[in-house]
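A.B. asks: Okay, so the sequence shown: first residue is 1 according to UniProt numbering, each after it adds one.
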Amino acid sequence: MRAVGQTDKGKVRTNNEDRVAIITNQTGQQLFVVADGMGGHRAGQIASELTVSYLTTYFEKLMIRMDDDQAQRWLGQTLQLINEKLFQEGELNPDLKGMGTTIVCAIDIDEDTLAIAHVGDSRAYIVNEKEFKQITEDHSLVQELVKKGEISNEEAKIHPRRNIVLRSLGVSGFVKVECQIIEKESKDILLLCSDGLNDALTEQEMITLLTSKLTIEDKVKKLIDAANAHGGQDNISVIIAVSEKGGDEL
Numbered sequence: 001m002r003a004v005g006q007t008d009k010g011k012v013r014t015n016n017e018d019r020v021a022i023i024t025n026q027t028g029q030q031l032f033v034v035a036d037g038m039g040g041h042r043a044g045q046i047a048s049e050l051t052v053s054y055l056t057t058y059f060e061k062l063m064i065r066m067d068d069d070q071a072q073r074w075l076g077q078t079l080q081l082i083n084e085k086l087f088q089e090g091e092l093n094p095d096l097k098g099m100g101t102t103i104v105c106a107i108d109i110d111e112d113t114l115a116i117a118h119v120g121d122s123r124a125y126i127v128n129e130k131e132f133k134q135i136t137e138d139h140s141l142v143q144e145l146v147k148k149g150e151i152s153n154e155e156a157k158i159h160p161r162r163n164i165v166l167r168s169l170g171v172s173g174f175v176k177v178e179c180q181i182i183e184k185e186s187k188d189i190l191l192l193c194s195d196g197l198n199d200a201l202t203e204q205e206m207i208t209l210l211t212s213k214l215t216i217e218d219k220v221k222k223l224i225d226a227a228n229a230h231g232g233q234d235n236i237s238v239i240i241a242v243s244e245k246g247g248d249e250l
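(1) What does a CB cutoff of less than 7 Å around G90 pick up in its chain, not counting 5 residues either side in sequence?
(2) Taking 8 Å as the cut-off, does the region 2-19 touch the region 228-248 (at least 3 CB pairs, one atom from each stretch)?
(3) Output needed for D112: all residues of its chain with C-beta closer than 8 Å, excluding positions within five of it in sequence on either side, in chain order.
(4) Taking C-alpha atoms, which residue in D121, I189, E203 lies nearest to R167?
(5) May I have the straight-line CA-CA distance separating R162 from I126, to the nearest angstrom?
(6) Under 8 Å by Cβ, that's how I've got A21 and T56 pegged, so tell me the actual separation to the nearest angstrom.
(7) Can you name, in chain order, every residue of its own chain whose Cβ lies under 8 Å from the Cβ of N128, other than the five neighbours on each side?
(8) So what's I116 in DSSP terms, helix, strand or just coil?
(9) Near F59, what residues of its chain come up, given a Cβ to Cβ distance below 7 Å and the 5 sequence neighbours on each side ignored?
(10) Using the rule of at least 16 other Cβ atoms within 10 Å of the residue's Cβ for burial, across every protein chain shown, is I224 buried or exposed?
(11) Report buried or exposed for I158, applying the criterion of at least 16 other Cβ atoms within 10 angstroms of its Cβ.
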């Protein structure tokens, strides 16, 4: 897949605690990463920076091309290892105690499949000619309320506690990582993003930009510009990946 990523601090925050990465291993397989840090002082920024740094180091060294099972296992084990490292760092450094980061990442296994892993409320979407589908389910308070039928999806977007995340890397010694394999088609567009994007834009706004005739680079820029035009209340991170066969357009 061909991928482009960008992160922006938005219009309100003084610093950017998001990080994005597009990493290639020794076999040519790619790993796409969006991390959204949280914590006092600079702790959130450090958590997301360390997470991306660890993932880059571990993934770049891989010399075996992974299949579906291997990719899922690698993601689960590696993110758990990083979780432990972040937690230990927080225990040793009072300024970093409680730091954490969400994560959503994807390994481009082959032309047919992707391995997706996430912790927290950073998201993965697939858009194609037939659908706009959210692949990940948020680990958040409002998502739990939606699942219980206590609030609607529309109410979740404006709920006063919508920013409470129930899982993140680094906050405790163990975290449950959600991993899945998804099939892809030649014209699928993969979108990874932090909540600064999907909280700011409606699904229709995202669909319109993602399915436009723009290049991938311009789609990434326009999505971030649109989130900032809606106030830019949070850091905004976007990665778009498309099949080499499919090109930039649907």
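Glycine residues also receive a C-beta, built at the ideal position from the N, C-alpha and C atoms. None of the values given here were measured: they were computed from a predicted structure.
C.D. replies: This is what the structure gives:
(1) Translated into the one-based positions of the sequence shown, residue 90 becomes position 90. The residues L96, K97, G98, M99, G170, in chain order, have a CB closer than 7 Å to that of G90 in the same chain once the five nearest residues on each side in sequence are set aside.
(2) By the Cβ rule, the region 228-248 counts as touching the region 2-19, because three or more pairs are nearer than 8 Å.
(3) Taking the first residue of the sequence shown as 1, we reach residue 112 at position 112. Around D112: E183, K184.
(4) Position 167 of the sequence shown holds residue 167. Of the listed residues, the one whose Cα sits closest to R167 is D121.
(5) Here residue 162 refers to the residue found at position 162 of the sequence shown. Here residue 126 refers to the residue found at position 126 of the sequence shown. One C-alpha to the other measures close to 23 Å.
(6) Here the question's residue 21 lines up with position 21 in the sequence shown. Here the question's residue 56 lines up with position 56 in the sequence shown. Contact flag correct, Cβ pair sits at about 6 Å.
(7) Along the sequence shown, one-based indexing puts residue 128 at 128. If we look at N128 and ignore the five residues flanking it on each side, its Cβ neighbours are E185, K187, D188, I189, L250.
(8) Looking up residue 116 in the sequence shown gives position 116. The answer is strand: DSSP assigns I116 an E or B state.
(9) Within the sequence shown, numbered from 1, the residue matching residue 59 stands at position 59. Excluding sequence neighbours, F59 sits near I23, N25, L31.
(10) Mapped onto the sequence shown, residue 224 falls at position 224. Result: buried.
(11) One-based indexing of the sequence shown puts residue 158 at position 158. Exposed, by the Cβ-count rule.
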